[in-house]
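Residue numbers (my numbering): 28 to 766.
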């Protein structure tokens with residue numbers, strides 16, 4: 028049998044819930060994505076809690092809450108301690124996303140599911156990989172190779188390729204084939220004929236207009252509102268699709284010199300843009316090329332002002348403005364408060380650029396028709412004053428005394444364990460019992476000196492009278508004084524990290540200075556809430572800027588990938604069943620759509636054998652360079668060694684000659700340019716390449732199975748046996764390797 032593969036969905040099947048899937052490859056458990064939603068309901072993570080301790084590695088695909096939001100909680104409460112793998116942007120932007128989520132909720136509730144320290148602790152286990160890097164898993168995962176590839180949805184977003192014994196398991200959710208302003212699309216040719224493909228049905232029923240048409244509609248709608256003296260609110264994520272929206276608005280404002288201000292408001296806005304400026308190699312070819320030629324960094328935003336506090340927006344000049352504010356769900360964050368303020372004015376516009384999560388305020392407003400009024404909860408954290416402050420301080424003092432008492436008892440126990448329980452009577456601090464008996468009684472109960480009470484001090488049980496603890500100085504001394512341990516004066520990593528949190532505006536800082544002030548604000552406070560009914564008079568528009576391939580494109584891409592087995596996840600029941608039936612007819616005969624916690628076995632039907640290459644065979648093989656690899660043709664016989672291992676040995680009889688094989692891939696556009704550079708007149712005519720007057724080159728065969736075999740597609744050169752024919756054939760051969 029082939030490599031054993033089992034898949035168990037832990038969340039995100041037959042619905043639009045967060046994504047989390049357990050993939051077991053020959054007993055090695057991979058948790059791919061660890062998502063949560065903006066409700067942060069722990070009951071949603073119950074399936075994950077049952078398997079978290081058995082997870083061997085975690086792969087993160089995108090830096091948003093739906094793909095990694097549960098990581099800090101799972102690491103703290105569910106026993107998830109496995110190493111985590113992601114790209115650098117997913118690590119950095121995912122960290123900022125979780126900071127923003129925590130700060131947004133901490134300001135309006137007693138949020139205690141995880142802390143900033145828990146976020147840091149969870150992300151410390153992340154190993155960052157570069158694009159297409161092959162990483163060999165050690166130990167239990169020996170033989171498994173993982174590599175991230177561009178997904179095209181979010182910056183750093185990943186299609187994971189997992190390889191074992193030559194068989195590929197591809198995890199491709201939320202991918203995008205279209206090039207955008209700041210991102211390249213998915214490279215389909217990297218995922219041809221995988222053994223297993225795991226993909227989503229999120230957009231299986233949705234088709235979209237062309238990107239440029241959508242961009243124009245977005246900017247025209249916003250400009251119309253601004254010119255009518257209205258404000259525009261775009262509820263956005265922290266560090267995902269908002270980057271594309273910023274580029275669209277920045278480009279439009281630069282081209283038309285519009286006077287209206289644009290604000291990007293999150294708790295980590297400055298840090299987000301500072302990080303993104305350094306990720307140009309992860310962005311589109313156009314952005315990278317622009318930087319190489321003009322040193323123009325597209326994320327040095329000239330038209331967008333970065334804000335990290337709502338008071339900055341409140342103090343901004345009066346007049347029409349555009350605000351991109353987190354969170355996209357309107358459940359918390361700045362977007363929630365701004366919506367409540369602006370919803371009552373008919374001149375204003377709330378522009379939704381993504382399909383909101385189920386059960387959120389944003390999803391309710393995206394209904395057709397939208398509600399005329401909504402009930403919202405307005406919460407605010409305020410300092411304690413008066414009797415509440417006095418009661419709080421008394422409670423804190425009581426807690427401190429209890430902690431001090433516990434610490435004292437623990438210290439005494441440690442002393443007893445280290446020095447024993449024998450009391451030396453020669454110690455001048457020990458009181459003789461005969462003397463103690465002769466002391467006068469004090470207090471109404473007449474308990475002698477044992478009735479003396481000293482606040483915060485409890486005498487050890489072995490002492491005959493109350494005494495203060497004595498701690499012997501065990502320091503080592505030399506001729507020059509006490510011996511110094513240099514490690515005692517080294518600043519610990521966690522202290523460095525805590526200090527770096529206060530730094531804003533560079534790559535060394537994790538969080539903006541204004542947001543850090545919220546963390547370090549130790550004043551006693553409480554959350555006050557009130558229920559409001561908000562009339563919705565403003566305009567509401569939803570337009571898909573999620574950056575995912577639509578239904579037509581998804582079906583075409585799946586046909587091109589041609590997987591042996593296909594697993595569908597993350598999509599409504601209707602969308603999942605629709606895509607399943609389509610794929611059964613047009614993609615492959617093995618299509619699965621598992622239920623929650625249902626384990627399906629998608630082990631390959633192919634057989635894989637391991638064989639050693641003998642030294643006698645290797646000494647006669649001649650390798651040729653092919654890109655980053657070396658290839659060779661050889662003939663051998665399979666034999667068993669003494670330890671019953673299969674071994675490839677040189678043939679005992681002369682091997683039959685084989686036909687020459689040309690290895691490589693010819694792109695007709697590149698070859699046309701190559702011929703033109705060498706002085707050959709060349710042009711495309713009828714799908715073929717017309718070279719000079721007499722020679723024609725064309726591709727024949729099935730191009731949909733690119734790389735599937737030598738006979739799937741062929742290159743034919745036609746023409747009379749003339750000088751041009753042989754010259755062009757030589758040029759053609761130079762683009763291949765001959766075996």
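Glycine is no exception: its CB is placed at the ideal position from the N, C-alpha and C atoms.
task: Within the segment 608-668, note down every full alpha helix (DSSP H) run reaching 4 residues or more, in order along the chain.
output: Counting only runs that start and end inside the segment 608-668, the alpha helix (DSSP H) elements of at least 4 residues fall at 642-645.
task: Would you kindly check if the distance between the Cβ of residue 196 and the Cβ of residue 222 is under 8 Å?
output: Their beta carbons are under 8 Å apart, which means residue 222 touches residue 196 by this criterion.
message: If I measure Cβ to Cβ from residue 27 and keep anything under 8 Å in the same chain, skipping five residues before and after, which residues do I get?
response: Residue numbering for the chain in the displayed model covers 28 to 766; residue 27 lies beyond these limits and cannot be assessed.
- request: Could you check how far apart the C-beta atoms of residue 32 and residue 61 are, in whole angstroms? I think they sit under 8 Å.
  value: The beta-carbon separation of residue 32 and residue 61, rounded to 20 Å, does not stay under the 8 Å limit for a contact.
query: Which partner residues of residue 36 appear in the DSSP bridge assignment?
result: Its beta-bridge partners are 48.
- prompt: How many angstroms separate the CA atom of residue 751 from the CA atom of residue 721?
  reply: Straight-line measurement puts the Cα of residue 721 at about 8 Å from the Cα of residue 751.
query: Can you round the beta-carbon distance between residue 114 and residue 158 to whole angstroms, since I take them to be within the 8 Å contact cut?
result: So it is a contact: roughly 7 Å between Cβ atoms.
message: Considering Cα atoms alone, identify which of 719, 411 and 366 is closest to residue 389.
response: For the residues 719, 411 and 366, the minimum Cα distance to residue 389 belongs to 366.
Sequence-distant residues of the same chain with beta carbon closer than 7 Å to residue 411, five excluded per side: Within the same chain, residue 411 has close Cβ partners 419, 551, 552 and 553.
query: Which residues mark the beginning and the end of the beta strand (DSSP E) in which residue 717 is found?
result: Counting along the chain, the beta strand (DSSP E) containing residue 717 begins and ends at 715-718.
field: Outcome for residue 161 when other beta-carbon atoms lying within 10 angstroms are tallied against a minimum of 16
entry: Under this definition residue 161 is an exposed residue.
N-terminal and C-terminal residue of the alpha helix (DSSP H) that residue 99 is part of: Here the alpha helix (DSSP H) through residue 99 covers 98-104.
message: I'd like the ranges of any beta strand (DSSP E) spanning at least 3 consecutive residues and lying wholly in the segment 50-78.
response: For the beta strand (DSSP E) assignment, the uninterrupted runs of no fewer than 3 residues enclosed by the segment 50-78 are, from N- to C-terminal side, 55-59.
task: Run the proximity test for residue 681: is its beta-carbon closer than 7 Å to any non-hydrogen atom belonging to the ligand ATP?
output: This structure lacks the ligand ATP; in fact it carries no ligand of any kind.
task: Kindly indicate the opening and closing residues of the alpha helix (DSSP H) around residue 147.
output: Residues 143-150.
field: Per-residue DSSP class, three states only, for residue 569
entry: Strand at residue 569.
- prompt: Hey, how far is the Cα of residue 189 from the Cα of residue 671?
  reply: Distance between the alpha carbons of residue 189 and residue 671 is about 29 Å.
message: Could you tell me the alpha carbon to alpha carbon distance between residue 790 and residue 163, rounded to whole angstroms?
response: Not covered by the structure: residue 790. The range shown for the chain is 28 to 766.
- request: Mind checking which residues open and close the alpha helix (DSSP H) that includes residue 361?
  value: Note, residue 361: alpha helix (DSSP H), 360-369.
- prompt: Which residue comes first and which comes last in the beta strand (DSSP E) that contains residue 711?
  reply: Taken as a continuous stretch (DSSP letters only), the beta strand (DSSP E) holding residue 711 covers 709-712.
- prompt: Start and end of the alpha helix (DSSP H) containing residue 127?
  reply: Here the alpha helix (DSSP H) through residue 127 covers 115-133.
field: Per-residue DSSP class, three states only, for residue 579
entry: Residue 579 falls in the helix class under three-state DSSP.
Simplified DSSP state of residue 683, which is helix, strand or coil: Of the three classes helix, strand and coil, the one that applies to residue 683 here is coil, per DSSP.
query: Hey, would you say residue 231 sits closer than 8 Å to residue 606, going by beta carbons?
result: Yes; because the gap between Cβ atoms is below 8 Å, this pair is in contact.
message: Out of 649, 316 and 300, which one is the CA nearest neighbour of residue 335?
response: That would be 300, whose Cα lies nearest to the Cα of residue 335.
message: With the cut-off set at 8 Å, would you say residue 213 and residue 186 are in Cβ contact?
response: Yes, the Cβ-Cβ distance between residue 213 and residue 186 is below 8 Å.
message: Among 397, 337 and 395, whose alpha-carbon lies nearest the alpha-carbon of residue 368?
response: Per the Cα distances, 337.
- prompt: Tell me which same chain residues have a C-beta within less than 8 Å of the C-beta of residue 559, skipping the five on either side of it?
  reply: In chain order, 367, 402, 403, 404 and 405 place their CB closer than 8 Å to the CB of residue 559, counting only its own chain and leaving out the 5 sequence neighbours on each side.
- request: For residue 532, I'd like the list of residues in its chain whose CB is within less than 7 Å of its CB, leaving aside the five on either flank, ordered along the chain.
  value: The pLDDT assigned to residue 532 is 39, lower than 50, so where the model puts this residue is not dependable, and the model offers no usable value.
query: For the candidate residues 632, 748, 88 and 612, whose alpha-carbon lies nearest to that of residue 225?
result: It is 88.
task: To the nearest angstrom, report how far apart residue 619 and residue 167 are at their CA atoms.
output: In this model, residue 619 and residue 167 are separated by some 28 Å (Cα to Cα).
- prompt: So, helix, strand or coil for residue 293, using DSSP?
  reply: Three-state DSSP puts residue 293 in coil, outside helix and strand.
- request: Using the DSSP secondary-structure output, state which residues sit across from residue 558 in a beta bridge.
  value: 404.
field: Whether residue 674 touches residue 639 by CB criterion (8 Å)
entry: Yes, Cβ-Cβ distance for residue 674 and residue 639 is below 8 Å.
message: By alpha-carbon positions, which one of 397, 505, 712 and 134 ends up nearest to residue 562?
response: Per the Cα distances, 397.
task: Tell me, please, whether the segment 249-261 touches the segment 66-82 by the rule of three or more beta-carbon pairs shorter than 8 Å.
output: The segment 249-261 vs the segment 66-82: no contact.
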